[in-house]
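**Student:** So that we are looking at the same thing, I have put the structure below in structure tokens.
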Amino acid sequence: MTAPATQFKAAAKTLAADLRHRSLIQTALGKYEVKRDEMKARFQDWEGARQVAADIKFEAINHLDRYLEQFVARIEARGTKVHWASTAEQARQIIVGICRDRQARRIVKSKAMTAEEIHLNQALEQAGFKVVESDLGEFIVQLRDEAPYHIVFPAMHLTRGEIKDLFDRKLGDAPSDNPEVLTMVASRVLRQEYVAADVGITGANFAVAETGMISVTENEGNARLTAALPKTMITLVGIEKIVPTLADLALFLPMLATAGAGQLLSGYNTLYGGPRQPGEADGPEAFHVVLLDNQRTALLADAEQRDALHCIRCGACLNVCPIFRNVGGQTYGTTYPGPIGSVITPHLRGLQEWKHLPFASSLCGACSEVCPVKIDLHHHLLQHRRTARAAKPVWWEKLAFRGFALLVNTPWLWRLSLAVGRVGQRFHGLVKGTKLDPAYVWTQSREAPALAGQSFKAWWRERGRGTTDHGGTGPRDRRPGTRDQGPRVTSHESSRNDPGVATKGGTAHE
Amino acid sequence: MSERNAILARIREALRVSATRPGAHAAPPTSRAAAAPVSRDRPAGSSAGGFARWLPRVGAGFDELAAAFAAASKELRTDFHVLEHDAGADTLLGALRDAQGWQRVASHRDPLTTRVAESLGLPVLWTEDGYDPLELERCDVGITACDLLVAQTGSVLVTSASAGGRALSVLPPHHVVLARREQLVPDLPEGLRRLQAKYGEQYPSMISFITGPSRTGDIERILVLGAHGPKHLTVLVW
Ligand code: SF4
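Chains as they are written, first to last, in the working numbering: chain E, 1 to 510; chain X, 1001 to 1238.
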């Protein structure tokens, strides 16, 4: 197993059994679901809107070269400097370079998943800059020195008590665990940073080709301040963020807010088209836009999964995903967790190392159903499984399946194993759930379904005899339960529901 | 230049194969084979205003729009008032000044704001010609004009040109917006159309839809107002 897979399994095991985590997430997401459904219902036609949004992104992504050039021409015309980065390393070098050129010391950042993706903070800190996250959730996880839990709600996994303790330790200031008081503590600290910072770094939710603007969505006003006060502004944006026209935002902004946070519109949706223009009161002297590829073109080259680039990072698929809700965001060990992360991470970071992610899915399809741009997420997960399997079957898996095939294709062997199983299960209780148990992987956290006393075949044979003898009445009322299919049900369930053992069983059904 | 060319070349190479349409991955293979190759031309009229019919319904006429803006404001906790004339603004803001103990006002010179800001009888920091951020940080209220109000979402549309720069509408803890009745538009598509009509190619460097006071739910998803931006948003229309 690869290192990320081992880490995933270990973390998933701990968190799935963590009742505190579960109740925290259920409460938070329960509130979200109520608001999301309320806002969706206000749309005259949410399903119609999804189709249009999907079509617009399809248009943008499938003409990406043209729209990118248009975007760059327009935004440069107003004095913005555009940089292109093929890799994360190049993007880091460009940004560190800009900060050095501007002789910056302090940097304030607003939330940007692209920055997480390229580990920008570490690079800037190594280069000697002081970096402060200004989004409250990001600020909290930065103080804890950990990765965001969720792409929209970074500190969703923490209670107010934990945040109070954290502020006490790191800021020496936490009068109570009241969320309002804690928010004010953080915002007092951060206000100093905006005024003192030399460089402000933001991400972008959209890049408008027609007018050459980036669009930033937020609720706190921290991105607004990040883009207002420092003398230099840098925006790091993935090349897939393009939308063709300004008018498109009339649809995307409310859809992003509705799907992502259960709001009709987020608090601040702001477009930036350049540095401070002549006659303007304030704003940065210099505005740099860094366009990031970092394997996006590789995903683009996969025509089948290209629509994964339509993602507007609303987080809706994470919120409904039964796996995400049970194992938590940090377990994934990726920048983008949840269903969309499991689809794109194998493209961005290599399928062989991350192939366990597509298996961490129940394939229930809840993600595809909520996605505002209609990405066929669970189909892509299934396709990844196929590709992973075709690319490199593991010898012991091949052997296991060959053994299984032999077992089910050899009647006497099958009958023998059932007979042994029936006798064996009487003694199962002695070892059940312990390491001596041959079915330990399954039974450590579940009940093993019992084998029926009689097989379907045996029952059928008996019934046939009964029909001849009694004119077809007798055995109907002795119809066996579905248990008779015992062994098959077991292997089926195991492949679908348990991310841990899915790697073994999953392909049996594909 | 070289990275630009390299990235664009990779994109063009990738796009030589046409993609499956979203939502079509589950379709039977026949329909996919029949799907036409991607057209390189944007379908005409696919955007521009057509979105209104998917978005939430809004009424027509000032009264209905004002009612919609008021309903949205209530949810967002924006303090929204329709006034008879601009003297009403003086009274209302005078009361807020006393209630919240304002000491310093920040504003920008504009036909709507200048007189109202001066009527408060407090020192005013004018931002339009540049200002010291530390001084703005000490102001209790920022009074700005705006481009538009959007009834559908209860949003205020400001730009760096219409609202005294980028920071005035977001740094002081209380943001007061002054607007005329004709600035109230029904929905987002109409708002963006008006914006385009107003500025043509000469867009200000910042354009922002402000929807309610600054907010966060980052601690246990509990709503807190005034995270970084203003805790209070007051919108006055006459
Ligand atoms: S895949 Fe769809 S639902 Fe998931 S984050 Fe992206 S846009 Fe949202």
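No residue lacks a Cβ here, since even glycine has one placed at the ideal position from N, Cα and C.
#1: Just checking residue 322 (chain E) against the ligand SF4 - is the residue's beta carbon closer than 8 Å to any of the ligand's heavy atoms?
#2: Got a sec: does the ligand SF4 put a non-hydrogen atom nearer than 8 Å to the Cβ of residue 1057 (chain X)?
#3: Could you please tell me which residues of the stretch 278–298 of chain E, in chain order, have their CB closer than 7 Å to any CB of chain X?
#4: Assign residue 43 (chain E) to one of three DSSP states: helix, strand, or coil.
#5: Just to check, is the beta-carbon of residue 346 (chain E) closer than 8 Å to a non-hydrogen atom of the ligand SF4?
#6: Under 7 Å between beta-carbons, which chain A residues line up against residue 306 (chain E)? List them in chain order, please.
#7: In angstroms with no decimal places, state the Cα-to-Cα distance between residue 444 (chain E) and residue 326 (chain E).
#8: Return yes when the C-beta of residue 318 (chain E) is under 8 Å from any heavy atom of the ligand SF4, and no when it is not.
#9: Taking 9 Å as the CB-CB cut-off, is residue 1143 (chain X) touching chain E?
#10: Can you grab the Cα-Cα spacing for the pair residue 190 (chain E) / residue 397 (chain E), in whole Å?
#11: By Cβ distance, which residues of its chain are closer than 8 Å to residue 164 (chain E), with the 5 residues on each side in sequence left out?
#12: Does chain X have any CB closer than 9 Å to the CB of residue 144 (chain E)?
#13: Would you be able to state if there are at least three C-beta pairs under 8 Å between the stretch 1149–1163 of chain X and the stretch 1206–1213 of chain X?
#14: So, does the CB of residue 1176 (chain X) fall closer than 9 Å to a CB anywhere in chain E?
#15: My assumption, with CB atoms under 8 Å, is that residue 210 (chain E) sits in contact with residue 245 (chain E). Please give the rounded CB distance.
#16: Mapping the DSSP letters down to three states, classify residue 172 (chain E) as helix, strand or coil.
#17: Does any CB atom of chain X fall closer than 9 Å to the CB of residue 499 (chain E)?
#18: CB-CB under 7 Å to residue 251 (chain E), same chain, minus the five flanking residues each way: which ones, in chain order?
#19: Report the residue from E:385, E:429, E:319, E:358 whose alpha carbon sits nearest the alpha carbon of residue 26 (chain E).
#20: Can you say whether residue 377 (chain E) is buried or exposed, counting buried as having 16 or more other CB atoms within 10 angstroms of its CB?
#21: Jot down the residue ranges of each uninterrupted alpha helix (DSSP H) in the stretch 357–435 of chain E, minimum 4 residues, whole runs only, in chain order.
#22: Output needed in chain order: residues of the stretch 1204–1225 of chain X with a Cβ under 9 Å from some Cβ in chain E.
#23: With DSSP collapsed to three states, give me the class of residue 272 (chain E).
#24: Please confirm if the stretch 281–288 of chain E is in contact with the stretch 1222–1236 of chain X, defined as three or more CB-CB distances below 8 Å between the two stretches.
#25: Measure the C-alpha to C-alpha separation of residue 447 (chain E) and residue 426 (chain E) and round it to an integer number of angstroms.
#26: What residue range does the alpha helix (DSSP H) around residue 1170 (chain X) cover?
#27: Is there contact between the stretch 334–354 of chain E and the stretch 77–90 of chain E, where contact requires at least three CB pairs shorter than 8 Å?
#28: For residue 56 (chain E), which of E:36, E:278, E:372 has the nearest alpha-carbon?
#29: Are there any heavy atoms of the ligand SF4 lying less than 8 Å away from the beta-carbon of residue 382 (chain E), as far as the coordinates show?
#30: Nearest CA to the CA of residue 1186 (chain X): which residue from X:1130, X:1223, X:1154?
#31: List the residues of chain X that residue 86 (chain E) touches, going by C-beta distances under 9 Å, in chain order.
#32: Contact criterion: CB-CB distance below 9 Å. Does residue 1228 (chain X) meet it with respect to chain E?
#33: Figure out for me which residue from E:104, E:288, E:382 has the closest Cα to the Cα of residue 237 (chain E).
#34: DSSP on residue 1003 (chain X), reduced to helix/strand/coil?
#35: Can you look up residue 1147 (chain X) in the DSSP assignment and give me helix, strand or coil?
#36: In its own chain, which residues sit with a C-beta less than 7 Å from the C-beta of residue 1090 (chain X), not counting the 5 before and 5 after it?
**Tutor:** In short, the structure shows the following:
#1: Taking the first residue of the first sequence as position 1, residue 322 (chain E) is located at position 322. False, no ligand heavy atom lies under 8 Å from that Cβ.
#2: Here residue 1057 (chain X) is taken as the residue at index 57 of the second sequence, counted from 1. Residue 1057 (chain X) Cβ: outside cutoff for every heavy atom of the ligand SF4.
#3: Those residues of the stretch 278–298 of chain E that come within reach of chain X (Cβ to Cβ, closer than 7 Å) are 280, 281, 282, 283, 293, 297.
#4: Translated into positions along the first sequence, residue 43 (chain E) becomes position 43. Of the three classes helix, strand and coil, the one that applies to residue 43 (chain E) here is coil, per DSSP.
#5: Locating residue 346 (chain E) in the first sequence gives position 346, where the first residue counts as 1. No, the beta carbon of residue 346 (chain E) sits no closer than 8 Å to any heavy atom of the ligand SF4.
#6: The displayed structure is made up of protein chains E and X, and chain A is not among them.
#7: For this step, residue 444 (chain E) is matched to residue 444 along the first sequence. For this step, residue 326 (chain E) is matched to residue 326 along the first sequence. Between residue 444 (chain E) and residue 326 (chain E), the C-alpha separation is close to 17 Å.
#8: Within the first sequence, numbered from 1, the residue matching residue 318 (chain E) stands at position 318. For the ligand SF4, at least one heavy atom lies less than 8 Å from the Cβ of residue 318 (chain E).
#9: The count along the second sequence starts at 1 and reaches residue 1143 (chain X) at position 143. Answer no: the Cβ-Cβ gap between residue 1143 (chain X) and chain E never drops below 9 Å.
#10: In the first sequence, the residue the question calls residue 190 (chain E) occupies position 190. In the first sequence, the residue the question calls residue 397 (chain E) occupies position 397. Residue 190 (chain E) and residue 397 (chain E): Cα-Cα distance of roughly 53 Å.
#11: For the purposes of this step, residue 164 (chain E) is taken as residue 164 along the first sequence, with counting starting at 1. Hits under 8 Å: 174, 176, 177, 182.
#12: Translated into the one-based positions of the first sequence, residue 144 (chain E) becomes position 144. No, because no Cβ of chain X sits closer than 9 Å to the Cβ of residue 144 (chain E).
#13: yes
#14: In the second sequence, residue 1176 (chain X) corresponds to position 176, counting from 1. Chain E contact via Cβ: absent.
#15: What you label residue 210 (chain E) is simply residue 210 of the first sequence in a count that begins at 1. What you label residue 245 (chain E) is simply residue 245 of the first sequence in a count that begins at 1. That pair is a contact at about 4 Å.
#16: Counting from one through the first sequence, the residue named residue 172 (chain E) turns up at place 172. Correct three-state label for residue 172 (chain E): coil.
#17: Position 499 of the first sequence, counting from 1, holds the residue named residue 499 (chain E). Reliability fails at residue 499 (chain E), whose pLDDT of 39 lies under 50, so the model's placement of it is uncertain and the value that follows must be treated cautiously. No, its Cβ sits nowhere closer than 9 Å to a Cβ of chain X.
#18: The residue labelled residue 251 (chain E) in the question sits at position 251 within the first sequence. Result list for residue 251 (chain E): 49, 52, 53, in chain order.
#19: Reading the first sequence from its first residue, position 26 is the one you call residue 26 (chain E). Looking at the Cα atoms, E:319 is the closest of the given residues.
#20: The residue you call residue 377 (chain E) lines up with position 377 of the first sequence. Counting Cβ neighbours within 10 Å, residue 377 (chain E) comes out buried, since at least 16 surround it.
#21: List check, alpha helix (DSSP H) in window: 366–370, 377–391, 395–409, 411–431.
#22: 1204, 1205, 1206, 1207, 1208, 1209, 1210, 1211, 1212, 1213, 1214, 1215, 1216, 1217, 1218, 1219, 1220, 1221, 1222, 1223, 1224, 1225
#23: Here residue 272 (chain E) refers to the residue found at position 272 of the first sequence. Secondary structure of residue 272 (chain E) (DSSP, three-state): strand.
#24: no
#25: Reading the first sequence from its first residue, position 447 is the one you call residue 447 (chain E). Reading the first sequence from its first residue, position 426 is the one you call residue 426 (chain E). For residue 447 (chain E) and residue 426 (chain E), the distance between alpha carbons rounds to 14 Å.
#26: For the purposes of this step, residue 1170 (chain X) is taken as residue 170 along the second sequence, with counting starting at 1. Premise fails: residue 1170 (chain X) is in no alpha helix (DSSP H) and is neither H nor E.
#27: No: fewer than three Cβ pairs fall under 8 Å.
#28: Your numbering for residue 56 (chain E) matches position 56 in the first sequence. Per the Cα distances, E:372.
#29: As a first step, residue 382 (chain E) must be located in the first sequence, where it is residue number 382. Not a single heavy atom of the ligand SF4 lies less than 8 Å from the C-beta of residue 382 (chain E).
#30: Looking up residue 1186 (chain X) in the second sequence gives position 186. Checked all of X:1130, X:1223, X:1154; the closest Cα to residue 1186 (chain X) is X:1154.
#31: Position 86 of the first sequence, counted from the start, is the residue given in the question as residue 86 (chain E). Contact of residue 86 (chain E) with chain X by beta-carbon distance below 9 Å involves 1003, 1006, 1007, 1010.
#32: As a first step, residue 1228 (chain X) must be located in the second sequence, where it is residue number 228. Taking Cβ atoms only, chain E reaches closer than 9 Å to residue 1228 (chain X), which makes this a yes.
#33: In the first sequence, residue 237 (chain E) corresponds to position 237, counting from 1. Nearest option by C-alpha distance: E:288.
#34: Here residue 1003 (chain X) refers to the residue found at position 3 of the second sequence. In the structure shown, residue 1003 (chain X) sits in a helix (DSSP, three-state: H, G or I).
#35: For the purposes of this step, residue 1147 (chain X) is taken as the residue at position 147 of the second sequence. Three-state result, residue 1147 (chain X): coil.
#36: As a working note, residue 1090 (chain X) is residue 90 in the second sequence. These residues qualify, in order along the chain: 1116, 1119.
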